[in-house]
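Peer 1: Before I ask anything, let me first share the structure, which is written out below as C-alpha cells.
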Amino acid sequence: MRLGILVLTMALLTGCGSGSDDRGTTLQPPAPTAESIVDRVFGDDQVQNALLTVADLPTGWSVKPRESRAPRDDSDEYAECSEFAAALIEYDDLSHGGVDFTAPSGATVNQGVLSVTEPKARSFLADFATAVTKCPKMTGTTRGGHSITMYLTALSFPKLADETFALRMSTTASTQTITMDLVMVRRAGVITGVVQTTIGTVDTTTTEDIARRALAKVEKTLI
363 MRLGILVLTM
373 ALLTGCGSGS
383 DDRGTTLQPP
393 APTAESIVDR
403 VFGDDQVQNA
413 LLTVADLPTG
423 WSVKPRESRA
433 PRDDSDEYAE
443 CSEFAAALIE
453 YDDLSHGGVD
463 FTAPSGATVN
473 QGVLSVTEPK
483 ARSFLADFAT
493 AVTKCPKMTG
503 TTRGGHSITM
513 YLTALSFPKL
523 ADETFALRMS
533 TTASTQTITM
543 DLVMVRRAGV
553 ITGVVQTTIG
563 TVDTTTTEDI
573 ARRALAKVEK
583 TLI
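Its first residue numbered 363, the sequence shown is counted upward by one per residue in the numbering used here.
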C-alpha cells in the first residue's frame, strides 16, 4: 500500500513507535461550502486532469518521472500504530492521482488529489490527524535497508479552502537531514495534498505557493 498522498509522505517508513509529545497540525473546523456538492465524487480521469503541470508552475520547474517499483505487502508494517494503519487502509480504494516535480532549488515537490463525498473527506482528514498524533515519532527502514527515525512536528500554515492540515517531518539518513512539509487542503469532498522534500532547511513559502496553485487548479477543474 503506497497510494496517493500517503505514498508521498511515508514512502520511507516501515513502522512506527512511541515518542515525545512534540507534534501538531493545523486542522481547522470546516466552513460551509459555496454550493451543494456533498455527494459529488470525481473519477480517476477527472482527478488526473486536476493535477498541476509544469505549465502551472514558475519558470525552472520540471516533472520528475515516477519510479516503477514492484508492489509489496505492507499489511503488518504499522502494527505498532493501529490508527495509522487504519488511515492507510481507509485510503486504499479512493479515487486519486499524483504527480512529482523538481524545483529549481533541487527540492522534490509531490502533489496528490483524491475525491470522495464531503463527509468521507472530513472523516479521512480527522482520522489521519488522529493517526499522526498517535505516532509523533516513527521508526523504520528505507528500501535500501537503512534504519531511520522520523519526527513529526507542528507546521504553521494559513487555512485554505474548507480545512487545512499541515505538519513537518524530518529524519537523518547518512548524516544528512531530510525535511518534508506536508499540507492537505480540503474543498468539499476533494483533498489536495502537497509534499515538499529537501535536504536541510525546507522553504515553506514554496510549499504554500504550490499548495495555493494546486487548490486553484482543483477548484477550476473540478469544483
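A virtual CB, placed ideally from N, CA and C, is assigned to each residue, including glycine. This structure is a prediction, so every number in the text was calculated from the model and none was measured.
Does the contact criterion of 3 or more C-beta pairs under 8 angstroms hold for the segment 517-529 versus the segment 483-502?
Peer 2: Yes: the two stretches touch, three or more of their Cβ pairs being nearer than 8 angstroms.
Peer 1: Could you tell me the alpha carbon to alpha carbon distance between G459 and N472, rounded to whole angstroms?
Peer 2: Computed Cα separation, rounded: 11 angstroms.
Peer 1: Reducing DSSP to helix, strand and coil, say where T566 ends up.
Peer 2: Here T566 sits in helix by DSSP.
Peer 1: Write down the C-beta distance between I585 and A550 rounded to the nearest angstrom, noting that I regard them as a contact closer than 8 angstroms.
Peer 2: Indeed they touch by this definition, with Cβ atoms about 6 angstroms apart.
Peer 1: For S437 and D406, I'd like the C-alpha separation in whole angstroms.
Peer 2: Residue placement at S437 is poorly supported in this model, since its pLDDT is 45, which falls under 50; the coordinates still yield a value, given next. In a straight line, the C-alpha of S437 is about 24 angstroms away from that of D406.
Peer 1: State yes or no: is the C-beta of F519 within less than 9 angstroms of the C-beta of T569?
Peer 2: In contact: F519 and T569 (Cβ atoms closer than 9 angstroms).
Peer 1: Check A449 in the structure and name its three-state DSSP category.
Peer 2: Note: A449 maps to helix in three-state DSSP.
Peer 1: Alpha carbon to alpha carbon, how far is L544 from P498? Give it in angstroms, no decimals.
Peer 2: So the alpha carbons of these two residues sit roughly 14 angstroms apart.
Peer 1: What are the complete beta strand (DSSP E) segments, minimum 3 residues, inside the segment 539-583?
Peer 2: For the segment 539-583, whole beta strand (DSSP E) runs of length 3 or above, ordered along the chain, are 552-561.
Peer 1: Is DSSP giving D489 helix, strand or coil here?
Peer 2: Here D489 sits in helix by DSSP.
Peer 1: Roughly how many whole angstroms lie between the Cα atoms of V552 and T537?
Peer 2: Roughly 38 angstroms separates the two Cα atoms.
Peer 1: Could you tell me the distance, in whole angstroms, from the CA atom of G386 to the CA atom of V494?
Peer 2: Residue placement at G386 is poorly supported in this model, since its pLDDT is 40, which falls under 50; the coordinates still yield a value, given next. Using only the alpha carbons, I get a separation of about 9 angstroms.
Peer 1: So, helix, strand or coil for E480, using DSSP?
Peer 2: Of the three classes helix, strand and coil, the one that applies to E480 here is helix, per DSSP.
Peer 1: What span of residues does the alpha helix (DSSP H) with D407 cover, start to end?
Peer 2: Start and end: D406 to N411.
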